[in-house]
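Written below as structure tokens is the structure these notes are about.
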Amino acid sequence: MRVQERGDGRLRRRAVAAAGALVLTGVLSALVPAPEARAAGAPAASAPTKTPGAPGAPDAAAQASAAAATDSTSTRPALPAPTGPYAVGTVTRHLVDHARKDPWKPERGDRQVVISLFYPADREPAGRETAGREPQHRTARETGPRTAPHMDAASAAHFGSARGAGSFNYHVRPDAADWTATHTHARVAVPVAHGSRALPVVLYSAGLGDPRTWNTGLVEELASRGYVVVTVDHTYDSSEVRLAGGELAESVLPTLAGASPAEIDAALRTAMRARVDDTRFVLDTLGSAQWRQGLPRGLGDAVDLRRVGMAGQSAGGFTAAQALHDDRRLKAGINMDGQMDFPLPDSTGSKLSSVAREGVDRPFLLLGSDGPGAADNRASWASFRQHARGWQAELTMAGAEHGTYTDAVSLLPAFARQGALSEEDLRQDVGTIRPDRAVAATRAYVVAFFDRFLKQQDGRLLDGPSPRFPEVGFQGKPTS
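Counting in our numbering, the final residue of the sequence shown is number 584, and the numbers go up one at a time with none missing.
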């Protein structure tokens, strides 16, 4: 979300709402900045992955697919198709953390978290792939090749309302866009790809106020290239989360309308702590062999918890960095345009988070935009890089804005052509870079990073500037 206010960064700007229209203040853009288990389990034995060619290097067909899904003339919003050798499966699970009360609404009892898993699946025989209708309440017995929607019907309706992230984060006029019409490319609850063993895992955290679904295009690409991706909804932070009984848990962030700087700072710190605790709880849950038995056929035995990374955009990128700092089960991380500080100093006298002050000792990639808001990242990113002790690199995408690293870059151009948002708002959301180029570049560098540090497959894309992606610039040389 953006407001016409400077000085405290996108994280703070994403946290303030007024009269039904959320105006989340800004560190936000950067922070916003089931059976459960408590131990990681032993992973399965490894097996080769079927990724052809140089890891992280989309071929002509892959870039054509991205271009087709981000057609500059189409008025039908669509997510870009994944380009890897696998089809994609997905399943959603509702988790309850009995070890802590909800930090936003402790009167509601134990913390509830909803996750979706995306994973490699076998391709359907020609003619059998079908796009299903909007899913209703599902049970653990869900089966069949139905294609998952981008958002369930209730969540989509709220996302597009005056109190949803489509409006307060991305300038789409309330109820002017049909968010229910977009489907993923993932089939619900299908078995994991035949022969899959020791698949690396990537956790994904969205920006402040954004739902876990808001980078499905990137998530599906990773799954199609042999990763199990777990997207995490941070309840009462995310725009909306549909809980197990069908209740829609709406974001509490609109209550920050008119709040003081101290109240906003406290809320942002609550959001970050909750996000990191959610992440660690999800890692605990994945470590439960009993819990994994309830996943689609073969998936529970295929995950390799020795190779777990995390990525996120905006507040989710901050979350990825902080979680890597706090939990050694995470081996590598990516922050896409998320600042890592707060509006006010803490007891140390610094606005910087602990991860910005101390860095991490494992591989980490910073992917930035070059719009006016990019300045909000500088202080925390510079400190982080100064103190990082593992491999690290900082990349900037020319013509990119904050929302370029989300599904906004694929979906909003078509909605703008429908009149649901202005061309100026579209530019502020996703910049001036061609959407297909943004999709191809983001996918290439994210896949290349995790291929290198979770699969030990190095296509050399991260060594320096590439003529295949002239829009991506390196800020100095990668260091290790």
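Every residue, glycine too, gets a C-beta built ideally from N, C-alpha and C. Every value quoted in this text rests on a predicted model; they were computed, and no experiment measured them.
When DSSP assignments are scanned along the region 392-424, the uninterrupted stretches of alpha helix (DSSP H) that are 4 or more residues long and fall wholly within it turn out to be 393-396 and 403-406.
By the CB criterion at 7 Å, D381 and A297 fall outside the cutoff.
Leaving aside the five residues that flank G270 on each side, the residues in its chain whose CB is nearer than 6 Å to its CB run, in chain order, F263, G264 and V276. When the five nearest sequence neighbours on each side are left out, the beta carbons in the same chain lying within less than 7 Å of the beta carbon of P365 are those of P447 and L448, in order along the chain. A Cβ-Cβ separation of about 7 Å places G413 in contact with F557 under the 8 Å criterion.
Between A258 and A518, the alpha-carbon positions lie close to 22 Å from each other.
For the 7 Å CB-CB criterion, D511 and W283 do not form a contact. Between the region 456-466 and the region 497-517 there are fewer than three C-beta pairs closer than 8 Å, too few to call the two in contact.
The residues G264, F519 and A524, in chain order, have a CB closer than 6 Å to that of A281 in the same chain once the five nearest residues on each side in sequence are set aside. The DSSP-derived three-state label of D382 is helix. Just measuring C-alpha positions, the residue of F272, Q397 and S328 sitting nearest A361 is F272.
The alpha carbon of R493 has as its nearest neighbour, out of L469, S220 and G477, the alpha carbon of L469.
Closest in C-alpha terms to P400, from the list L183, L352 and V195, comes V195.
Collapsing the DSSP output to three states places L469 in a strand. The alpha carbon of H198 has as its nearest neighbour, out of T339, P189, M376 and N481, the alpha carbon of T339. The continuous beta strand (DSSP E) containing D214 extends over residues D214 to A225. Assigned with DSSP and collapsed to three states, Q496 falls in strand.
Annotated as proximal: S484 and L456, with beta-carbon spacing under 7 Å. In the three-state reduction of the DSSP assignment, H506 falls in the helix class. Between D408 and L303, the C-beta spacing is below 7 Å. Counting other Cβ atoms within 10 Å of its Cβ, L387 reaches 16 or more and is therefore classed as buried. Its chain contains L428, K435, A436 and G494 as the residues whose beta carbon lies nearer than 7 Å to that of R466, once the 5 sequence neighbours on both sides are disregarded; these appear in chain order. Between the alpha carbons of N439 and E228 lies a gap of roughly 34 Å. Residue environment: R482 is assigned as exposed (fewer than 16 neighbouring CB atoms within 10 Å of its CB, all protein chains considered). Per DSSP, reduced to three states, the secondary structure at P304 is strand. DSSP assignment within the region 263-329 yields the following whole alpha helix (DSSP H) runs of 4 residues or more, N-terminal first: 269-272 and 320-328. Beyond the five residues adjoining it in sequence on each side, V306 comes within less than 7 Å, by CB distance, of L326, Y331, V333, G413, M414, A415 and F554 in the same chain, given in chain order.
In the three-state DSSP reduction, L347 falls in the coil class, being neither helix nor strand. Apart from sequence neighbours up to five positions away, the residues of its chain that approach L530 with a beta-carbon distance below 6 Å are L516 and A520, ordered along the chain. Within the DSSP bridge table, the entry for E367 names no partner. Just measuring C-alpha positions, the residue of Y223, A185, A285 and H202 sitting nearest T179 is A285. As the crow flies, the alpha-carbon of Y549 is around 35 Å from that of A348.
The alpha-carbon separation between V576 and L352 amounts to approximately 39 Å. The beta carbon of S328 sits closer than 6 Å to the beta carbons of P186, G188, Y190 and V192 from its chain, once the five residues preceding and following it are set aside; these are given in chain order.
The C-beta separation of S300 from G213 comes to about 37 Å, leaving the pair out of contact by the 8 Å criterion. Only residues of its own chain outside the window of five on either side were considered, and among them A269 have a CB closer than 6 Å to the CB of D314, listed in chain order.
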